[in-house]
Each structure stands twice: as C-alpha cells, then as structure tokens.
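My numbering applies: residue 14 is where the sequence shown begins, and numbers increase by one.
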Amino acid sequence: DIMSNSWGGGGASQALEEAIIKAKDAGIVFTAAAGNSATDNNSTPHYPSNYDVDNVISVAAHNYNDSLASFSCYGSKTVHVAAPGRNILSTTPGDSYAVYSGTSMATPHVTGVVGLYVSQYGRTNVKALRDNLMASSVYGRAYGKKTIGGGRVDAYNFLNHTVAPRPSEPDPSEWISRPVVVESDHPYKNEEKFSRLLRVPGAKHIRVIVKKYDIESNYDFLRIKNAKGEVIEALSGRGDDHVGEYVDGDSITLEFESDGSVSRWGFLIEEIQYIP
C-alpha cells in the first residue's frame, strides 16, 4: 500500500521514475524525504522526492516551534507537506533507542498517517489522497510559501476529511515602504551572533526586503522571528531582492548566526514594509 523512502541523492533516473509510475498505477503511495541541505527543491532538484508523479508525497521537516527545521529542504512547487523531524526518538539496531533529526525522520510520520487512512478507507486514488493530505494540513506561516500544501500534517483532520482553514493574505497594494539599514560585516566573522529588533508602532503586519544575502549554505543563517520568538523564515545560501515572510503585529526580529568555519559576504537589508 505504501513505500516509505527516507533516502535521497544522485540525479534523476528514468528507470526509478518508471518504477514509481508502476507503483502509482497499482495504487501505491510513495512518501519521500525532501532532503536536508536547506535548499529550494524548485531550483535544485532532490530525488526521489522531486519526481513529478501523482503518488509521490515529498516531506519537509518541522520542529517543536512549529517552524520549518533549519536543515530542511523546501519547495513551493515540489514539497507537499511538513511533518515532525527534529529530535525524534527512534528505535535502533541492538534493541536500543536514539534521537535523530532529518527529513528522514519526518517521512515515516507521513507514512504512518497515510497507513491509518488506508486502513480506514482502503486504497483510493493516490492523487486524491495526496490532495486530501495537503488540504487537511494545519497552515503555518513557516510553511505557507515553502510547501505546496502550506502546512504540517494533521492525522485527525486527514482521517475526518477536514479541510484546515487558510488565512487570507494581506492586500499587496497596502504595503508601505520605509528605509532601514541592517547589515552584517562584509565578510562576516566566524561564530558571530547578531540580533536586531525592528518595530513600526501600530502596524498590523511587517516584513523586510533583503537586498542581498550570501551566507554559507546550511551552516550560517539569517532568521526572521515574530514577537513570540517563533522562526518564520530562515535564509541561507544566496539571493537578491528577497521579500521576507511577513509577521503579524508591529515588530520583527532579525537574528544572524554563523559557525566556526567558512564565512561569506553576508547580508544587506535596506527596506522594511508594513501595513498600518
């Protein structure tokens, strides 16, 4: 009924894709780990999770703060849902237990939820099952633009065919810009920690425009947090003119952290936007 695939790597394989298609034709669901390189699977494909076949469910990892795990790959067009993948207790060889993190930990959670669904309803159209899984997922800002479904898997919703509510997005025409300069050293230092609170009194929503970032991928991060200290977005790698995820309320916190190895150019923010 289900194939759980906590593995990945290498390029695309026609033979493997054809095998997955045969599984689809047999009504078998193929869950797959999205990857742990904190990169966008839209632009940097990860296999087997990136095969565009109706039975493939690509799974990102989230943490206990209901945020995307810092290591997790993502993709607004290629990753379907998120599931618990940080500090997961698991059985290990030798009649023992250990704690692991990764999208390989998140994938079996989805496999289990799908297993519950199949045990209750029997085999069904694999695409319809995947669509129901995404529609029933609990929306989170951290997943909204990082996954197709925009949420984390919820077993109760899924088994009861409950469509989870999705908040309406702010009107794009209402955003007001204000100049601000927040930047790292160029290049930044190793083992650096940087925090900056930005506030626009009375704002309903607030976000930053990152003019440029060039940060060691998967090791150093620029994190965007809301007033509760929840990570809304974590940037790593490279990008230009990036529109950050918005937070509710009138304040936003930027945190930058680097490890003790490679340092790159850093980041530059010249604009903050808000909706009064």
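Positions of the beta carbon are idealized from the N, C-alpha and C atoms, including for glycine. Note that the structure is predicted; figures quoted are calculated from it, not measured.
- For the options 114, 219, 45, the alpha carbon positioned closest to that of residue 120 is the one of 45.
- In terms of CA proximity to residue 224, 197 leads the group 214, 197, 79, 163.
- Taking a cut-off of 8 Å on C-beta distances, the stretch 198-213 does not touch the stretch 120-133, as fewer than three cross pairs fall below it.
- If one requires a minimum length of 4 residues, the alpha helix (DSSP H) runs lying completely within the stretch 159-246 are 168-172, in chain order.
- Comparing C-alpha distances from residue 239 to each of 230, 257, 229 shows the shortest one belongs to 257.
- Looking at the backbone, the Cα of residue 138 and that of residue 149 are separated by about 17 Å.
- When the beta-carbon positions are compared, residue 213 and residue 267 stay at least 8 Å from each other.
- Contact annotation, residue 143 with residue 218: C-beta distance approximately 31 Å; criterion of less than 8 Å not satisfied.
- Residue 254: member of the beta strand (DSSP E) spanning 250-256, first to last residue.
- Sixteen is the threshold: when 16 or more other Cβ atoms of the shown chains lie within 10 Å of the Cβ of residue 18, as they do, the residue is buried.
- Between the stretch 45-63 and the stretch 106-123, the count of C-beta pairs closer than 8 Å reaches three or more; the two stretches touch.
- Straight-line measurement puts the Cα of residue 43 at about 7 Å from the Cα of residue 33.
- Residue 237 is classed as buried because its beta carbon has at least 16 other beta carbons within 10 Å across all chains shown.
- Take residue 37, set aside five residues on each side of it, and the residues of its chain with a beta-carbon closer than 6 Å to its own are 66, 67, 68, 139, in chain order.
- Residue burial is scored here from C-beta neighbours: residue 245 has at least 16 other C-beta atoms within 10 angstroms and is therefore classed as buried.
- Scanning its chain for C-beta atoms nearer than 6 Å, with the 5 sequence neighbours on each side dropped, one finds around residue 250 the residues 230, in chain order.
- Exposure of residue 133 is indicated by the presence of fewer than 16 other C-beta atoms within 10 angstroms of its C-beta.
- A straight line joining the alpha-carbon of residue 176 with that of residue 169 spans about 11 Å.
- Annotation for residue 75: the continuous beta strand (DSSP E) segment containing it runs 69-75.
- Comparing C-alpha distances from residue 101 to each of 75, 87, 107 shows the shortest one belongs to 75.
- If only complete runs of 3 or more residues are kept, the stretch 257-287 shows the beta strand (DSSP E) at 264-270, in order along the chain.
- Residue 61 and residue 155 have their C-alpha atoms roughly 24 Å apart.
- Using a Cβ distance threshold of 8 Å, residue 280 and residue 226 count as a contacting pair.
- Residue 189 is positioned such that its CB atom lies closer than 8 Å to that of residue 289.
- Taken in chain order, the unbroken stretches of beta strand (DSSP E) that lie wholly in the stretch 23-81 and span 3 residues or more are 42-46, 69-75.
- Under the three-state reduction of DSSP output, residue 104 falls in the strand class.
- The criterion of a C-beta distance shorter than 8 Å is satisfied by residue 145 and residue 174.
- Between the alpha carbons of residue 98 and residue 82 lies a gap of roughly 7 Å.
- For the pair residue 79 and residue 153, the CB atoms are nearer than the 8 Å cut-off.
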